[in-house]
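A.B. asks: Sequences listed follow chains F and H, in order. To convert a position in the first sequence, counted from 1, into our numbering, add 638. Take the second sequence: its letter number 270 is residue 250 in our numbering, and every next letter is one higher.
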Amino acid sequence: MSRLPQDLEARLTAAAPAGVEYSAETDSHGVTVAWLGLAAAADLKPVAALLHEMGARLSMITCAQPSVPEEEDEDEDEEDGEEKAAAEPKETPKTFGGTPFDGTSYEIDYHFDIEGDALTVIAYVPQGGDIPSLTPIFRNADWHEREMMELYSVKVTDHPDPRRLFLDASVDGAVLERLIPFSTLVNAASTKGLWERLLAGKKGAA
Amino acid sequence: MSTNTVPETFSIPVGPLHVALEEPMYFKIDVKGETVSHVDINAGHAHRGIEYLTTKRTMYQNVVLTERICSLCSNSHPQTFAMAAEKIAGIEVPERGIYLRVVADEMKRITSHLFNVALLVHLVGYETYFMHMMQVREIGQDMVESIFGNRQDIGAMCIGGVRYDLDDKTIAYIKGAIDKIEVETKDIIKTFKSNGSILRRTKGVGVLSHADAITCGVVGPVARASGIEYDVRRAAPYAAYDRLPLVVHSATDGDVWSRAMVRLEEILTSINLLRACLRDLPGGPTNINDRPDIPPGQAVTRSEAPRGEVIYYLRTNDTPQPERVKWRVPTFMNWDGLRFMLQDAKVADIAMIVNSIDPCLSCTER
Chain F
639 MSRLPQDLEA RLTAAAPAGV EYSAETDSHG VTVAWLGLAA AADLKPVAAL
689 LHEMGARLSM ITCAQPSVPE EEDEDEDEED GEEKAAAEPK ETPKTFGGTP
739 FDGTSYEIDY HFDIEGDALT VIAYVPQGGD IPSLTPIFRN ADWHEREMME
789 LYSVKVTDHP DPRRLFLDAS VDGAVLERLI PFSTLVNAAS TKGLWERLLA
839 GKKGAA
Chain H
-19 MSTNTVPETF SIPVGPLHVA LEEPMYFKID VKGETVSHVD INAGHAHRGI
31 EYLTTKRTMY QNVVLTERIC SLCSNSHPQT FAMAAEKIAG IEVPERGIYL
81 RVVADEMKRI TSHLFNVALL VHLVGYETYF MHMMQVREIG QDMVESIFGN
131 RQDIGAMCIG GVRYDLDDKT IAYIKGAIDK IEVETKDIIK TFKSNGSILR
181 RTKGVGVLSH ADAITCGVVG PVARASGIEY DVRRAAPYAA YDRLPLVVHS
231 ATDGDVWSRA MVRLEEILTS INLLRACLRD LPGGPTNIND RPDIPPGQAV
281 TRSEAPRGEV IYYLRTNDTP QPERVKWRVP TFMNWDGLRF MLQDAKVADI
331 AMIVNSIDPC LSCTER
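See the structure below:
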């Protein structure tokens, strides 16, 4: 049913010597959505090169900082394979590859399209770590990686054009890792503060 | 090498306002005479941080928020978001809801495509025909407004189905309206194939080769005009698309004209899809009439917006708010592809080429 190659899992496993976690599910329309967790971020490039060879298209890159998983015995839960496997009690949970799950590590999801089927390759990067750029293999990773670098303090090595994409250079980086109050965002400390500034301006004018 | 002091190349700013339509795109373009030699893209004028906001809203509030990311594809965002939530929660949308989703989607596609191609004609300078095409689009906009009560944000989607219903009277009205649009669109296609002004300004302009289209990962009509026959509705069917007479249109030239033709032909296909939906519309409820909690999980869903593939990644946890929502709209890919299309173009064609990707900045920058 699936349009993914039959030996996809085997080939991906061969490309990632540090180990992978693979799962796939096909829906009632015959569309397969597969997930591939990588134990080591260093395996990302060989896996991407293999996917490129198979004619995959890089559709999107998502960066996130997964929250600390709850310590509870979840029953069969295919979406949360990584977190479940790592939920050992009383110490910082880790991904199956050993990246700590402490709320500061990054999970970077590379969403690929293979003739209509979706494959998401997941790499974990600890806080302060870096990830190689995929631009030599997929040119269109460019903007996704630039956006990732401005939203999080994750480093992308060997990026050909590591400028800001959407945020101005004057804005501090890693905006999704900080709480930015709405009033700061819109440049008015608070409604009261804005009001006071207006009044002061009025007095000054009078 | 010339000996005078005039530099061989100089830079011109294009934008940020009103390149082709009233959206802030800013290009720094180096030109050599009348020819573009290098393009630099400066983005970010419409960045609003909506991705962050989604994690502060509940799943159900986010249906409303995602609809407001964009105006012309305002139906694709909540739909794809709802599909992701439904996938995580294992919600089955009722049959009638599935068909009504297609109806809403295709209505938006018709008006979006007509708008883009009308703007092309405006940039050609053929103002009378531009106004005529906008009037044709107005039949579609009237239809959208009559069914949903709004011209842009139609509020049709919800997690678990749709929020509107059709009765015999509205179905008859839609059929009448699309009959009118069909006749007019066929006429527009004829004009596009024969009118000298349109052909001269659009044929062979802004070419994106098949190979470059693959490298840039472009999607939607831009990809299809460069010979990539990819349409999410066929490649990864959702809603009722695998049961409908979907035709995927493509071209090989990859120029502005081909992109316009793909869009015009897609309007006719959308009309046929609407007819099939209205004919086969099953009975029963339009949504699940419930607001279940969305359990922790993650999902990737895609849909074909008027401009191409929209992809949503949703990750939920035990709270009512999602942990991460990330989406990528077609313009995010196609905008970067403009570098290739604008290379060696004439300055006078820049606006036309920019318009030919049907740019949508508010949803690209979020």
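Every residue, glycine too, gets a C-beta built ideally from N, C-alpha and C. This structure is a prediction, so every number in the text was calculated from the model and none was measured.
By how many angstroms is the C-alpha of E31 (chain H) removed from the C-alpha of C138 (chain H)?
C.D. replies: Stepping through the second sequence from its first residue, residue 138 (chain H) is reached at position 158. Stepping through the second sequence from its first residue, residue 31 (chain H) is reached at position 51. Distance between the alpha carbons of C138 (chain H) and E31 (chain H) is about 19 Å.
A.B. asks: Roughly how many whole angstroms lie between the Cα atoms of S250 (chain H) and G120 (chain H)?
C.D. replies: Translated into positions along the second sequence, residue 250 (chain H) becomes position 270. Translated into positions along the second sequence, residue 120 (chain H) becomes position 140. Answer to the nearest angstrom: the Cα atoms are 12 Å apart.
A.B. asks: Give the single residue among H:N252, H:R37, H:V227, H:K67 whose Cα lies nearest to the Cα of V242 (chain H).
C.D. replies: The residue given as residue 242 (chain H) occupies position 262 in the second sequence. Measuring from the Cα of V242 (chain H), the nearest candidate turns out to be H:V227.
A.B. asks: Counting C-beta neighbours from all protein chains within 10 Å, is the total for W673 (chain F) 16 or more, i.e. buried, or is it exposed?
C.D. replies: By 1-based counting over the first sequence, the position of residue 673 (chain F) is 35. It is buried - the Cβ of W673 (chain F) has at least 16 other Cβ atoms within 10 Å.
A.B. asks: In angstroms with no decimal places, state the Cα-to-Cα distance between T742 (chain F) and T182 (chain H).
C.D. replies: Along the first sequence, read from residue 1 onward, the residue named residue 742 (chain F) stands at position 104. Along the second sequence, read from residue 1 onward, the residue named residue 182 (chain H) stands at position 202. Cα-Cα distance, rounded: 51 Å.
A.B. asks: Threshold first: 3 residues or longer. Then list the beta strand (DSSP E) segments lying entirely within the segment 258 to 323 of chain H, N to C.
C.D. replies: The segment 258 to 323 of chain H contains these whole beta strand (DSSP E) runs: 277 to 285, 288 to 296, 302 to 308.
A.B. asks: Please list the segments of the beta strand (DSSP E) lying wholly inside the segment 764 to 830 of chain F, counting only runs of 3 or more residues, in order along the chain.
C.D. replies: Qualifying beta strand (DSSP E) stretches, in chain order: 768 to 770, 793 to 795.
A.B. asks: Could you tell me if G(-5) (chain H) is buried or exposed, where buried requires 16 or more neighbouring beta carbons within 10 angstroms of its beta carbon?
C.D. replies: Counting from one through the second sequence, the residue named residue -5 (chain H) turns up at place 15. The residue in question, G(-5) (chain H), is buried, as its Cβ has 16 or more Cβ neighbours within 10 Å.
A.B. asks: Can a CB atom of chain H be found closer than 8 Å to the CB of D718 (chain F)?
C.D. replies: Taking the first residue of the first sequence as position 1, residue 718 (chain F) is located at position 80. At D718 (chain F), the pLDDT of 48 sits below 50, so the modelled position is not reliable and the matter cannot be decided from this model.
A.B. asks: Closer than 8 Å is the cut-off here; do at least three beta carbon pairs connect the segment 73 to 84 of chain H with the segment 252 to 265 of chain H?
C.D. replies: Yes, the segment 73 to 84 of chain H touches the segment 252 to 265 of chain H.
A.B. asks: Name the residues in the segment 298 to 315 of chain H whose C-beta lies less than 7 Å from a C-beta of chain F; which are they?
C.D. replies: Residues passing the 7 Å Cβ filter: D298, E303, R304, K306, R308, F312, M313.
A.B. asks: Determine the DSSP secondary structure at D747 (chain F), reduced to helix, strand or coil.
C.D. replies: Here residue 747 (chain F) refers to the residue found at position 109 of the first sequence. The answer is strand: DSSP assigns D747 (chain F) an E or B state.
A.B. asks: Where does F110 (chain H) sit, in a helix, a strand or coil, going by DSSP?
C.D. replies: One-based indexing of the second sequence puts residue 110 (chain H) at position 130. Reduced to three states, the DSSP call for F110 (chain H) is helix.
A.B. asks: Going by DSSP, what residue range makes up the beta strand (DSSP E) through Y387 (chain H)?
C.D. replies: A question about residue 387 (chain H) goes unanswered here, because the residues of chain H that appear run from -19 up to 346.
A.B. asks: Would K88 (chain H) and C53 (chain H) be called neighbours here (beta carbons separated by less than 8 Å)?
C.D. replies: Here residue 88 (chain H) corresponds to residue number 108 of the second sequence, with the count starting at 1. Here residue 53 (chain H) corresponds to residue number 73 of the second sequence, with the count starting at 1. In contact: K88 (chain H) and C53 (chain H) (Cβ atoms closer than 8 Å).
A.B. asks: Taking the continuous beta strand (DSSP E) assigned at V(-6) (chain H), which residues delimit it?
C.D. replies: In the second sequence, counting from the first residue as 1, residue -6 (chain H) sits at position 14. Looking at the DSSP string, the run of the beta strand (DSSP E) that includes V(-6) (chain H) is -10 to -6.
A.B. asks: So who's on the other strand from S661 (chain F), going by DSSP bridges?
C.D. replies: Locating residue 661 (chain F) in the first sequence gives position 23, counting from the first residue. F:W673, per the DSSP bridge assignment.
A.B. asks: Which word fits G754 (chain F), buried or exposed, when buried means at least 16 other C-beta atoms lie within 10 angstroms of its C-beta?
C.D. replies: As a first step, residue 754 (chain F) must be located in the first sequence, where it is residue number 116. Result: buried.
A.B. asks: Note down, one range per segment and in chain order, each alpha helix (DSSP H) of at least 4 residues found wholly within the segment 21 to 58 of chain H.
C.D. replies: Segments of the alpha helix (DSSP H) lying fully in the segment 21 to 58 of chain H: 30 to 34, 39 to 47.
A.B. asks: Classify G77 (chain H): buried if its beta carbon has 16 or more other beta carbons within 10 angstroms, exposed otherwise.
C.D. replies: Your numbering for residue 77 (chain H) matches position 97 in the second sequence. Buried: at least 16 other Cβ atoms inside 10 Å.
A.B. asks: Considering Cα atoms alone, identify which of H:M123, H:I168, H:F172 is closest to Y153 (chain H).
C.D. replies: Your numbering for residue 153 (chain H) matches position 173 in the second sequence. Considering only alpha carbons, the answer is H:M123.
A.B. asks: Could you give the distance in angstroms between the alpha-carbon of D298 (chain H) and the alpha-carbon of A279 (chain H)?
C.D. replies: Counting from one through the second sequence, the residue named residue 298 (chain H) turns up at place 318. Counting from one through the second sequence, the residue named residue 279 (chain H) turns up at place 299. The alpha-carbon atoms of D298 (chain H) and A279 (chain H) are separated by roughly 15 Å.
A.B. asks: Mapping the DSSP letters down to three states, classify C340 (chain H) as helix, strand or coil.
C.D. replies: Residue mapping note: residue 340 (chain H) aligns to position 360 of the second sequence, counting from 1. DSSP places C340 (chain H) in coil when its eight states are reduced to three.
A.B. asks: First and last residue of the beta strand (DSSP E) that includes F7 (chain H)?
C.D. replies: Here residue 7 (chain H) refers to the residue found at position 27 of the second sequence. 6 to 12 is the extent of the beta strand (DSSP E) around F7 (chain H).
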